[in-house]
Each structure stands twice: as structure tokens, then as C-alpha cells.
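A.B. asks:
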Amino acid sequence: MKKKIAIVIFLISTLLSQALVLWAVPNSNGGTGTEAGDIHIDWVDPSGGAFFATQLTAANFSVSWSMDQSIPPWAEDDPSASNHLEWLTINVGSYIWNPDTSNWEYASAGYNFGLTWESKPPQQQAVIPGRIILSPVPRLNESCDVTIRFVATMECGDSYGSNWHSESEIIERSYTYVPPITPSFTITPENPKEGDTIKCNSTVIKASPEIEITNYRWEVYDPLDGSWVNVLGEGANATSAEWEPHAYWPPFAGRYNITLMVACKWENVSYISDNSYWSATLEKDLEILPNAEPVNASFTIEPASPSINDVVYFNDTSESAFPENEIRWEVNGEPLEDFEDVNSISYKYDDNYNKAGWSWSNPSAGTYNVSLWINTTAGYTDSAEKTFEIKESVNSIEIKADTGGVAADGISSARITVTLPSTSAQTVTLTDGKTTLTKTAVNGEAIFSYIPDTEKLGLSPSDIPPDGADITLTATAGGQSETINLKVYRRPVLLVHGLWSDSHMWDKMKGWLQNDGFTVYTIDYPNVASPAAVATNQFADKIQAIKKNFSQQYNANVSKIDVIAHSMGGVIARHYINQFQGSPNVDIYTLITVGAPHKGSPWPGIYHDWVNTRSEIGLVMTGIQHFFPKGAMGKDGPALDALKPGSAFITELNSHAN
Numbered sequence: 012m013k014k015k016i017a018i019v020i021f022l023i024s025t026l027l028s029q030a031l032v033l034w035a036v037p038n039s040n041g042g043t044g045t046e047a048g049d050i051h052i053d054w055v056d057p058s059g060g061a062f063f064a065t066q067l068t069a070a071n072f073s074v075s076w077s078m079d080q081s082i083p084p085w086a087e088d089d090p091s092a093s094n095h096l097e098w099l100t101i102n103v104g105s106y107i108w109n110p111d112t113s114n115w116e117y118a119s120a121g122y123n124f125g126l127t128w129e130s131k132p133p134q135q136q137a138v139i140p141g142r143i144i145l146s147p148v149p150r151l152n153e154s155c156d157v158t159i160r161f162v163a164t165m166e167c168g169d170s171y172g173s174n175w176h177s178e179s180e181i182i183e184r185s186y187t188y189v190p191p192i193t194p195s196f197t198i199t200p201e202n203p204k205e206g207d208t209i210k211c212n213s214t215v216i217k218a219s220p221e222i223e224i225t226n227y228r229w230e231v232y233d234p235l236d237g238s239w240v241n242v243l244g245e246g247a248n249a250t251s252a253e254w255e256p257h258a259y260w261p262p263f264a265g266r267y268n269i270t271l272m273v274a275c276k277w278e279n280v281s282y283i284s285d286n287s288y289w290s291a292t293l294e295k296d297l298e299i300l301p302n303a304e305p306v307n308a309s310f311t312i313e314p315a316s317p318s319i320n321d322v323v324y325f326n327d328t329s330e331s332a333f334p335e336n337e338i339r340w341e342v343n344g345e346p347l348e349d350f351e352d353v354n355s356i357s358y359k360y361d362d363n364y365n366k367a368g369w370s371w372s373n374p375s376a377g378t379y380n381v382s383l384w385i386n387t388t389a390g391y392t393d394s395a396e397k398t399f400e401i402k403e404s405v406n407s408i409e410i411k412a413d414t415g416g417v418a419a420d421g422i423s424s425a426r427i428t429v430t431l432p433s434t435s436a437q438t439v440t441l442t443d444g445k446t447t448l449t450k451t452a453v454n455g456e457a458i459f460s461y462i463p464d465t466e467k468l469g470l471s472p473s474d475i476p477p478d479g480a481d482i483t484l485t486a487t488a489g490g491q492s493e494t495i496n497l498k499v500y501r502r503p504v505l506l507v508h509g510l511w512s513d514s515h516m517w518d519k520m521k522g523w524l525q526n527d528g529f530t531v532y533t534i535d536y537p538n539v540a541s542p543a544a545v546a547t548n549q550f551a552d553k554i555q556a557i558k559k560n561f562s563q564q565y566n567a568n569v570s571k572i573d574v575i576a577h578s579m580g581g582v583i584a585r586h587y588i589n590q591f592q593g594s595p596n597v598d599i600y601t602l603i604t605v606g607a608p609h610k611g612s613p614w615p616g617i618y619h620d621w622v623n624t625r626s627e628i629g630l631v632m633t634g635i636q637h638f639f640p641k642g643a644m645g646k647d648g649p650a651l652d653a654l655k656p657g658s659a660f661i662t663e664l665n666s667h668a669n
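Residues in the sequence shown are numbered consecutively from 12, following our numbering.
(1) Once the 5 residues before and after residue 3 are set aside, which same chain residues still bring their CB inside 7 Å of it?
(2) Is DSSP giving residue 577 helix, strand or coil here?
(3) Excluding the 5 residues flanking residue 300 on each side, which residues of the same chain have their C-beta closer than 8 Å to its C-beta?
(4) For my contact list, residue 386 and residue 336 are in at a C-beta cut-off of 8 Å; report their separation, rounded to the angstrom.
(5) Return the CA-CA distance between residue 294 and residue 250, expressed in angstroms with no decimal places.
(6) Let me check understanding here. Comparing Cα to Cα, which of 581, 549, 557, 373 lies closest to residue 570?
(7) Would you please state the rounded distance, in angstroms, between the beta carbons of residue 331 and residue 305? I believe it to be under 8 Å.
(8) Using the Cβ count rule (16 or more neighbours within 10 Å means buried), how would you classify residue 657?
(9) Could you tell me the alpha carbon to alpha carbon distance between residue 322 and residue 374, rounded to whole angstroms?
(10) Mapping DSSP to helix, strand and coil, what is residue 555?
(11) Whose C-beta lies closer than 7 Å to the C-beta of residue 475 among residues of the same chain, with five residues either side of it excluded?
(12) What ranges does the alpha helix (DSSP H) occupy inside the stretch 440-471, keeping only unbroken runs of at least 4 residues that lie completely in it?
(13) Quick one: grab the DSSP three-state call for residue 213.
(14) Can you tell me whether residue 230 is helix, strand or coil according to DSSP?
(15) Can you grab the Cα-Cα spacing for the pair residue 440 / residue 495, in whole Å?
(16) Would you mind reading off the limits of the alpha helix (DSSP H) that contains residue 544?
(17) Give the single residue among 589, 406, 366, 227 whose Cα lies nearest to the Cα of residue 338.
(18) With H, G and I counted as helix, E and B as strand and the rest as coil, what does DSSP make of residue 67?
(19) Counting only the same chain and skipping the five closest in sequence on each side, list residues whose C-beta sits under 6 Å from that of residue 228.
(20) Buried or exposed, going by whether 16 or more other CB atoms sit within 10 Å of the CB of residue 553?
(21) Tell me which residue opens and which closes the beta strand (DSSP E) that residue 265 is part of.
(22) Do the stretch 562-576 and the stretch 411-430 make contact, defined as three or more Cβ pairs closer than 8 Å?
(23) Between residue 376 and residue 429, is the Cβ-Cβ spacing less than 8 Å?
(24) Within its chain, find whatever has a CB closer than 6 Å to the CB of residue 601; leave out the 5 residues flanking it on each side and keep chain order.
(25) Between 488, 660, 524, which has its C-alpha nearest residue 586's C-alpha?
(26) Measure from the alpha carbon of residue 462 to the alpha carbon of each residue in 497, 220, 315, 289, then state which is nearest.
(27) Tell me which same chain residues have a C-beta within less than 7 Å of the C-beta of residue 531, skipping the five on either side of it?
(28) Kindly give me the distance between the Cβ atoms of residue 221 and residue 277, rounded to whole angstroms, as I take these residues to be in contact under 8 Å.
(29) Sorted by chain position, which residues of the same chain lie with C-beta nearer than 7 Å to residue 446's C-beta, five sequence neighbours on each side aside?
(30) Residue 208 lies in the alpha helix (DSSP H); which residues open and close that run?
(31) Name the DSSP bridge partner or partners of residue 521?
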């Protein structure tokens, strides 16, 4: 949307010939003042009818004037006045119309065109050239149409200063305003994480090659803390800025605001916006993600099967990369403070006097929904809720699980709680028919971590149906038994594309695997980006997202997934695995690579030959490029150097034991 702004500039004249419209403004003596002289303005419009910044480019003008040297009319009745004109002043002023305040605002800058004689003018006429320079137009941040008004004022009089004569003339013109400079900048990587080296690179488009950039300044602001964190750089050559991971201000996880400020001048006249030193500013919001989840709300309820005779404990077990500055509990949708049994509740406070937990003595029987809401100092929030039942009394053994199932990955477990009718230290057993676990109850409870042994259970992935295989767990204590059913699910599968490709290369394979009962995911990443950067960013994020999605979809715990990777996707997955150095925490169960350049590939060199020399080998590339996604094979990037045999990436990749 274009803004309509009227800008007024005052130039001396009596009548403007041709298309310019002029009219006389009454002088201080009540007349038009044409008796004492004559003024004429010739205006040359800018090329194209546009102007940038404060400059009306090529908007040259000249003022011609003539003056009758006889006794001015205002001096005829004043014997003390001189009988001729002794001084004459020609000034140029300009104004801008502010539609917000419905007022004209002074807008001259640089220099005003003007002549002043302190004695008798040496001549009765002259042609005086000039150029208009306007002051900043702070409300104009983008191209728009404006209306400019030129008003000229001439004053003349005698040496006593008590008699003077004034004339004014006005013209109006329409132009297109163009900002003098339009800055932009990029931030890499696109989704930075804590500890990354973050780079900012600017580009400034100038409305005229004659504009000179005089200074840059980069600033980072923490909106939550309300203070400037650091000045990243300043100077005429500070076209970019960089944050090193271990510099004075490491990029901690959180939300920030980056501001680029640029100063410029034209014909040695600085363009200053909004009464500040800078000609243009640009802001961008940046979120630096923590290496772990920003906040993961969770809590426990103990005992797992409470009765009216128990004290029920609710403990905050949330994990957060930032300090928690607000913890809120609700029961059945109401704040805990308004709960009907509030008098039987005791609070546990953390160091910030937040309610990190609470206990409920002699609770009333019924079904309740409890929710926990966490807000961190960095503005990240999360919540968790649980529904539980408080019974009148416990007369028999009870068994509960924290999940409906687990993935067959050898690590994922279900938390099984067995509650006894009494608090005696009885022996409790838990069995799935093939594996038996034993615990001694504490305070009437025995808690098991159950991991299904698929080999003992005779379950291979092909034997597990898409909706999971049923397992029955039996808990026994004091001659009583109780059962609960769990499901074992196939591990989720991630398909990873390679160089110059995208996730659509797996469309058929994805359909085949889904028809065979697998839960399949795909990933898209910058297909010529650094493999190491993709592994620690997009690939790592995708794995965590898959585990979270799978858990929500099937109400099942999952720790590991299977990966099938093609080409560069294979070395991305290997680099990801290498980060764990053989730790059991690695969350890839099986990795299958297809055509992966584990020792490097000659293709980057062939690609450069195709691009730069168009040799015979390059002509072959011209033919096979049609088998890649449209436009993909024309891309260059860090991946091509990283995949060369002997590169630093390939050397590091193969320095780890498989």
C-alpha cells in the first residue's frame, strides 16, 4: 500500500510559467507586494519524476528577479526612509505534510538557497541557480507517491529596518519517493542451536550510485531481559557480523532481536532518519534453540493407586534448559489454590518460591484430573496432565502401567506399578510368561521397569502386526494375582534422501513399507548443505520429532528407530551416530545405507567439470540431470567439497569404529 504524503517547499516567485501553479501570498502590509519588484522561478523536474532520500535528484531551479529602484510605495510617506532599496533577501524553505497530526513540518536540510545584501543591491535583476535538498522524511520507509509544495519568500527594505516588503509564491508537484538505501540481511544457520557459530550478512540497495555508505552497526537485544546483550560490530566495513561459540557473548539458547543500522550520505549531506544518527534500520527476531528440549513438563503421583487413607504426593519432575520462573497446578480445571480440599494440601517450594510439588492428606474418593503448567525464563512453556482415581480402600492387588505399549527396540520400557492391600514388605513377581522380575514392596508398592525380550517372546518385526502384538503381564503377591495388557510395536522407519534429491524419491518405497505394516517417516533437508551441519540440526531434530509423534500416535514408549539412507543421507546418519561414540544413548537401532559415499565420491569433481568446462564427461551429466528433481543438480554447496575423497569430513567420518 502506498502512502500519500504532502511535502511543502517554499521558493520565491511571482508567477511560474507553463504547467506550474503559483499564487501570491499577502505581505505584512496587506498587499501583494508586486509594486516593488517581480520574481520568477524556473523549475526542472527530476528525471522520471522520482526522488530518493532527502534529495530531489536533478531538481534544479533558478530564480530571476527585478526590482524598481524608485522610492518604494511603503516609503513615500516616511521622510526618514531611504529613497531606494538597500537590502534584499531571498530564502528557500521547505515543509512536509504530516497526515497523522494534520500539520506542516519544517523539512529543509543541507543549505537553503538565498542572497542577502547589507547595502544597496548592485543590480536590479539577476538569475540565481540553486538545488533543493530536503531533510529526512521519517515516515517514509518504502516507495510511495508524495506531493511537494514549494513556497518562496522574498524580503527587502531600507537600512533602518523599520520598513520592509515581503512576497511569497507557492507551487505544487507530485513525485515518487524512493528510500535512499534499503538494507537486508541473512542469518545462518537458519535454525541455530546453542553453541552454533551464527553469521549475519547484509546487503544494501542504493537508490543512486552516488550514495555513500558511511557506517554499519549490529546490535543484539534480549527482549525478555530488556537489555542490549552485545554490539556485534560497527564501522564502515562492518557489512557482516559473527558470534563465536566461546566469544565474550556466546549465543545462549533463547529469543533475541538483531538490529542492523546503516548510515549514508549524498553530496556530503548525511541522511538522518527520525533524528537519529542512522539512515535506515532493519530488525529481525532470532530464536536460538537449546541442545535439549526447551522444557518438558512432567510429574509423578505416588502412590500409583491411592486410597482415602493415603497421603498422595505430586512431584514436579519437569526438565528444562532454562530456569523455571512460574509453576502452576490445576485440579479439575481449577487453580490448586481454589480446590475444594485446599485445607488438606501442603506445598513444596523451590528456590524461586514456586510450587514444585504438593501433597494431599486424607483425600476424598473420586476421579481427578491434575495438570502442571511450566513457564521458563526464556519464554518457553509446556504442560502435562494426568487422570487418576482415589478409591475408598484397597482390598486386592492392583497393577498399572505408565504407557499402553513399547517399541521393540530393546531399550524402551514400561513403568509397571503393583499396589498391595497392605504396606507390608511382601515379595512381588511380574512375568510375561517368558521373563520373570521380582521386587520387594515398599510401603505397599513395587515398581518394575519392564522391557519386552522379543527374542524370548518369539516376536520378529515381521511377526508384529501393524496395531502391535499383545503381551499379558501378571503380577503376584501374597497369593493374589492381577494382569495387565501391553502392546509391542514395530520400530518406526526413517527414509533419508541424498545429494540433489528430496523426500519424494522414497514415495514408492514408503508405500511398500506402510502396506507391510511399518510406520514410515521421511525428511527434507538442504540437499547441498554440509553433511555435518545437517546431521546435528535437521536430522537430529527429525529423530526426536519422530519419537514424540510415534509415542503420541500409539501411546507407546520408543527410544530407537530404523533408518534407511541413500547417498549423502548415509554419511549424514553415520556422522550422527558417531557423535555418541558408542554410547547406548544413540537412538538409531538399525542403519541401512544405499549407495552412500563412505570413502568419498568423485561426483563433486565431475560436477565442477560439467559446470566449468562442459567436457565429454560433463555432457553425460547434462543427460542424467533429468533424473534428479527439477533444478536440483544445478545447485552448489558445502556438501560437494565435504564428499570429496580425503576431505576433512570423510577423514573424520571414518576415524570412528563402526
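Even glycine gets a Cβ: it sits at the ideal position worked out from N, Cα and C.
Note that the structure is predicted; figures quoted are calculated from it, not measured.
C.D. replies: Taking the structure as given:
(1) No statement about residue 3 is possible, as the shown extent of the chain runs from 12 to 669 and does not include it.
(2) strand
(3) 202, 203, 204, 205, 264
(4) 6 Å
(5) 15 Å
(6) Per the Cα distances, 557.
(7) 7 Å
(8) exposed
(9) Between residue 322 and residue 374, the C-alpha separation is close to 7 Å.
(10) helix
(11) 419, 499, 500, 501
(12) The stretch 440-471 contains these whole alpha helix (DSSP H) runs: 465-468.
(13) Three-state DSSP puts residue 213 in a strand.
(14) strand
(15) 13 Å
(16) 542-545
(17) Closest by C-alpha distance to residue 338, out of 589, 406, 366, 227, is 366.
(18) Reliability of the predicted coordinates at residue 67 is poor, the pLDDT of 40 falling under 50, and no value is obtained from them.
(19) 245, 272
(20) buried
(21) 265-277
(22) yes
(23) no
(24) Annotation for residue 601: 573 place their beta carbon closer than 6 Å to its own, counting only its chain and skipping 5 residues before and after.
(25) 660
(26) 497
(27) Taken in chain order, the residues that qualify are 504, 506, 521, 524, 525.
(28) 6 Å
(29) 464, 467
(30) Segment: none, residue 208 is in no alpha helix (DSSP H) and carries neither H nor E.
(31) Note: residue 521 sits in no beta bridge, so no partner.
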